[in-house]
Amino acid sequence: GEVSAAHAGPLHRLGNALCSDNTLQAAARFRLFARKSQDVESVQEVGGLYWQRVTLILELLQHKKKLKSPQILIPSLFNLLSRCLEPKSPEQENMEYTKQLILSCLLNICQKLSPDGGRIPKDILDAEKFNVELIVQCIRLSEMPQTHHQALLLLGTAAGIFPDKVLHNIMSIFTFMGANVMRLDDSYSFQVISKTVKMVIPALIQSDHGDSKEVTRNVEVLAVKIISVFVDALPHVPEHRRLPILVQLVDTLGADKFLWVLLALLFEQYVTKTVLVATCGEK
1 GEVSAAHAGP
11 LHRLGNALCS
21 DNTLQAAARF
31 RLFARKSQDV
41 ESVQEVGGLY
51 WQRVTLILEL
61 LQHKKKLKSP
71 QILIPSLFNL
81 LSRCLEPKSP
91 EQENMEYTKQ
101 LILSCLLNIC
111 QKLSPDGGRI
121 PKDILDAEKF
131 NVELIVQCIR
141 LSEMPQTHHQ
151 ALLLLGTAAG
161 IFPDKVLHNI
171 MSIFTFMGAN
181 VMRLDDSYSF
191 QVISKTVKMV
201 IPALIQSDHG
211 DSKEVTRNVE
221 VLAVKIISVF
231 VDALPHVPEH
241 RRLPILVQLV
251 DTLGADKFLW
261 VLLALLFEQY
271 VTKTVLVATC
281 GEK
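This is the structure:
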């Protein structure tokens, strides 16, 4: 039968929690577990043993096919993600795998709550409980491509569910991609870029309902900034990836409105680079 997602409690109660039918009690146990090291000063609880337990529970959650009321877990998962980003002692520094598990669990929950990628009713999941800023911070503070990929996939999914929240962070997302992910030459990184473009940019385009010239202007300014990020990153992008990335970007933004912007920026980059090379006497 279905297992309640909220049944992920502390390790010593896990068996009971997974078999229990009392969702609220189990959720309370999970929340208590997520906050425990803030209330208890025991070295054992805040040290490696605590995070080993967290990791085990997250691994169990990740492989649960059937989850009942998974949204109950979201505040606790963000709580854990926040604590993963806190400064750690040397023996606790490697939290990347735990971050990836948390991001993966959040992605699975989002996909379960919104199989079509659309908005979720407020009574099921309030936007205030979904901390997009924390996901962006997770990207900035990590040096691991796997963590970046997982976070970008989650942000892409979140763009369909909470477009306004993602739009507030849209330049941070694409600036990071331009400086990091677009430079990697592997098919998975390319897929992550493609999915992020396909899922985040439509949220930007759809925010312009034609209600006011100011909104339309703001959307256009953001779109031009995003194109600029891609053009600036282009010299560092593996050559065989450049055209597919730009084609997808323009197709998603709308070639009728923004192809001329891309061409203008590419010409500007070419001319500027040519002048710099001539000035510096390089060949």
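First residue of the sequence shown? That's 1 in the UniProt record's numbering, and the numbers climb one at a time after it.
C-beta: ideal position from N, C-alpha, C; glycine also.
All values derive from a computational prediction rather than experimental measurement.
Nearest to residue i (by Cα), restricted to the options the options
i      : options                        : result
GLN71  : ASN108, ARG53, TYR97           : ASN108
GLN248 : PRO238, LEU265, ILE227         : ILE227
LEU222 : PRO238, GLU143, ALA203, VAL136 : ALA203
LEU253 : VAL197, ARG241, ILE120, TRP51  : VAL197
LYS64  : SER76, LYS122, LEU263, SER104  : SER104
LEU259 : GLU86, THR272, GLU220          : GLU220
LEU67  : GLN206, LEU106, LEU49          : LEU106
LEU154 : ILE57, PHE78, LEU265           : PHE78
THR216 : LEU265, LYS257, ILE74          : LYS257
ALA151 : PHE176, HIS168, ILE57, VAL271  : PHE176
GLY48  : CYS84, LEU73, SER212           : CYS84
MET171 : GLY117, GLN62, ILE201          : ILE201
LYS225 : PRO75, GLN206, ASN169, SER212  : ASN169
ALA233 : PHE174, SER187, TYR188         : PHE174
Exposed unless 16 or more other CB atoms sit within 10 angstroms - verdict on residue i
i      : result
CYS138 : buried
PHE267 : exposed
CYS280 : exposed
GLN100 : buried
ASN16  : In this prediction, ASN16 has a pLDDT of 40, which is less than 50 and means its spatial position is unreliable; nothing more can be read from the coordinates.
LEU58  : buried
LEU243 : exposed
LEU125 : buried
ALA264 : exposed
VAL250 : buried
Span of the alpha helix (DSSP H) around residue i
i      : result
GLY160 : 145-161
ARG241 : 239-253
GLN137 : 132-141
GLY48  : 48-62
SER212 : Looking at the DSSP string, SER212 is not in any alpha helix (DSSP H), and its letter there is neither H nor E.
GLU128 : GLU128 -> no alpha helix (DSSP H), and no H or E assigned at all.
LYS66  : Careful: LYS66 lies outside any alpha helix (DSSP H) and carries neither H nor E.
GLN100 : 96-113
ARG83  : 74-84
VAL192 : 187-206
MET177 : 170-179
Contacts around residue i, its chain only, beta-carbon distance under 8 Å, and the 5 residues preceding and following it disregarded
i      : result
HIS236 : MET182, ARG183
ALA158 : CYS110, PHE130, VAL132, ILE135, LYS165, VAL166
GLN146 : GLU96, GLN100
GLY118 : GLY160, ILE161
VAL261 : ALA223, VAL224, ILE227
SER207 : PRO163, ASP164, LEU167, VAL215, VAL219
LYS112 : LEU67, PRO70
Sequence-distant residues of the same chain with beta carbon closer than 6 Å to residue i, five excluded per side
i      : result
PRO163 : ALA203
ALA255 : none
7 Å Cβ shell around residue i - same chain, five flanking residues per side excluded
i      : result
ILE193 : MET177, VAL181, MET182, ILE245
PHE190 : ARG241
VAL54  : LEU80, THR98
GLN269 : VAL231
HIS148 : ILE139, SER142, ASN180, VAL181
MET199 : GLY156, THR157, ALA159, GLY160
GLU41  : Residue placement at GLU41 is poorly supported in this model, since its pLDDT is 44, which falls under 50; the coordinates are not used for a value here.
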